[in-house]
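By the UniProt record's numbering, the letter at position 279 of the sequence shown is numbered 279, and the numbering carries on one by one without gaps. Built from N, CA and C at the ideal position, the CB exists for glycine as well. Data first, discussion second: the structure below is written as structure tokens.
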Amino acid sequence: MPSTDQFTGWVGLDAKSVEGNLVKTTFNPKVFTDDDIDIKITHSGMCASDLHTLRSGWGPTSYPVVVGHEIIGIITRKGKNVTQFEIGDRVGVGAQCASCLRDDCYECTHDNEPYCAESTFTYNDKFTGTDDVAYGGYALEGRYPASFAFKIPDALPSEVAAPMMCGGITVYSPLKRNGAGPGKTVGIVGIGGLGHFGLLFAKALGSDKVYAISRSKAKEADVVAMGAEGIIATQEPGWAKDWSRKFDLIVSTANNSNMPLGDYLSILKPGGSFVQVGLPEEPIPQFGFTPLVLRNVSLLGSLLGSRSEIAEMLETSATKGIKSWVQTYPMEEVNEVLKLMDAGKAKYRFVLCN
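Structure (structure tokens):
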């Protein structure tokens with residue numbers, strides 16, 4: 001039976017909602033179970049995924065939808081099976097809010113929960129085996145399985161922690177899994193919300209040298225302040241030849257389908273890896289295997305990160321003083337901030353606050 005509880009949020013009713021047309025209204029959260037928590041949402045980071053989903057850029061969206069999957073809030077209710085949290089705890093919820101967590105699930109038992117066949121995304125999705133819709137963080141309240149909520153360290157302010165719940169873990173996981181650290185030279189393609197986390201975390205993990213890779217050097221002062229050596233500008237002639245075989249790892253946050261993939265692979269050392277985390281709405285142009293074979297490089301993709309990696313990322317950020325670069329706005333102004341975000345005005349992450 002559907003839940004009769006009502007929460008309040010900013011709801012997208014159709015593809016035009018991305019133009020700043022979210023409607024503040026009520027919605028019915030999932031049925032409360034003994035494994036769930038209710039939270040009073042205090043902060044919700046804004047992610048490019050929100051825009052893609054609102055305009056049905058990644059395929060048809062199931063409207064009505066409440067987006068937002070970088071959520072920080074205070075627990076106001078918990079089920080009887082929830083022992084890891086107390087009422088009043090400050091927690092975060094990211095882009096995945098459930099998986100099967102069964103003992104016979106290879107993904108869930110090997111720190112690969114995002115790839116579980118029964119994974120549930122935090123919005124524009126349904127909880128497996130039910131008609132319950134998952135609703136995100138552009139809201140006053142939220143209801144989620146406690147198993148995918150994370151205690152926020154005291155040293156992390158909520159506006160700093162919020163964008164880490166998706167943007168941060170999306171780059172932290174591939175950096176960690178692909179060996180970013182001492183002795184390594186790492187490149188980050190794109191200097192937006194995801195890219196700035198890539199630079200911060202690659203440096204925090206101890207990489208010898210970290211470079212941003214972007215069309216121009218317009219953001220070089222910011223990049224250096226984030227701990228990188230500088231920017232490699234791809235609009236400069238001969239850039240790929242100048243940097244041939246210099247990188248152990250490149251993480252690409254680009255959403256541009258016509259990226260110069262061949263050039264990116266050419267600047268990897270033999271045995272190096274290129275990991276794509278940005279998700280363009282259009283396919284990339286046809287690509288041949290020659291660069292992979294002749295260079296012995298790997299072309300990979302990565303989605304979010306495991307629960308253990310999220311906890312580790314938050315603790316690493318707290319102990320090493322990593323701070324998201326954010327601009328905060330009242331949640332009530334979400335429609336105006338959506339327009340700013342769609343126009344590329346974020347520097348580097350917008351966070352909505354209740």
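Residue Leu175 holds the alpha-carbon nearest to the alpha-carbon of Glu309 among Ile250, Thr319, Glu281, Leu175. For the 7 Å CB-CB criterion, Pro29 and Arg143 form a contact. DSSP, read as helix, strand or coil, puts Gly168 in helix. The residue among Tyr348, Glu332, Met331, Gly305 with its C-alpha nearest the C-alpha of Ser324 is Tyr348.
Here Trp10 carries a strand assignment [DSSP, helix/strand/coil]. Contact fails between the region 38 to 51 and the region 175 to 186, because fewer than three Cβ pairs, one in each stretch, are under 8 Å apart. By the CB criterion at 7 Å, Thr170 and Asn124 fall outside the cutoff. CA-CA distance, Ala343 to Gly206, rounds to 34 Å.
With a cutoff of 7 Å on beta-carbon distance, Glu113 and Thr128 are scored as not near each other. When secondary structure is reduced to three states using DSSP, Cys105 falls in the coil class, being assigned neither helix nor strand. The straight-line gap separating the alpha-carbon atoms of Asp154 and Ala318 is approximately 8 Å. Residues of the same chain with a CB within less than 8 Å of the CB of Lys339, apart from the 5 flanking positions on each side, are Glu19, Gly20 in chain order. The C-alpha of Ser49 is placed about 21 Å away from the C-alpha of Thr8. Looking from the CA of Phe274, the closest CA among Asn256, Gly288, Ser298 belongs to Ser298.
For Pro291, the uninterrupted alpha helix (DSSP H) segment begins and ends at 290 to 295. Assignment of beta-bridge partners to His43 by DSSP yields Ile72, Cys353.
Residues Leu54 of the same chain have their beta carbon placed closer than 6 Å to that of Ser17, with the five preceding and five following residues left out of the count. Fully contained in the region 159 to 230 are the following beta strand (DSSP E) runs of length 3 or more, in chain order: 185 to 189, 209 to 214.
Here Gln286 is not bridged, per DSSP, to any residue.
Remark: three or more beta-carbon pairs, one from each stretch, lie closer than 8 Å, so the region 280 to 291 and the region 244 to 261 are flagged as touching. In the structure shown, the three-state DSSP call for Glu141 is strand.
Fewer than three Cβ pairs drawn from the region 57 to 64 and the region 155 to 167 lie within less than 8 Å of each other, which leaves the two stretches out of contact. Residue range 48 to 54 is occupied by the alpha helix (DSSP H) that includes Thr53. Within 10 angstroms of the beta-carbon of Val82 lie 16 or more other beta-carbons, which makes it buried.
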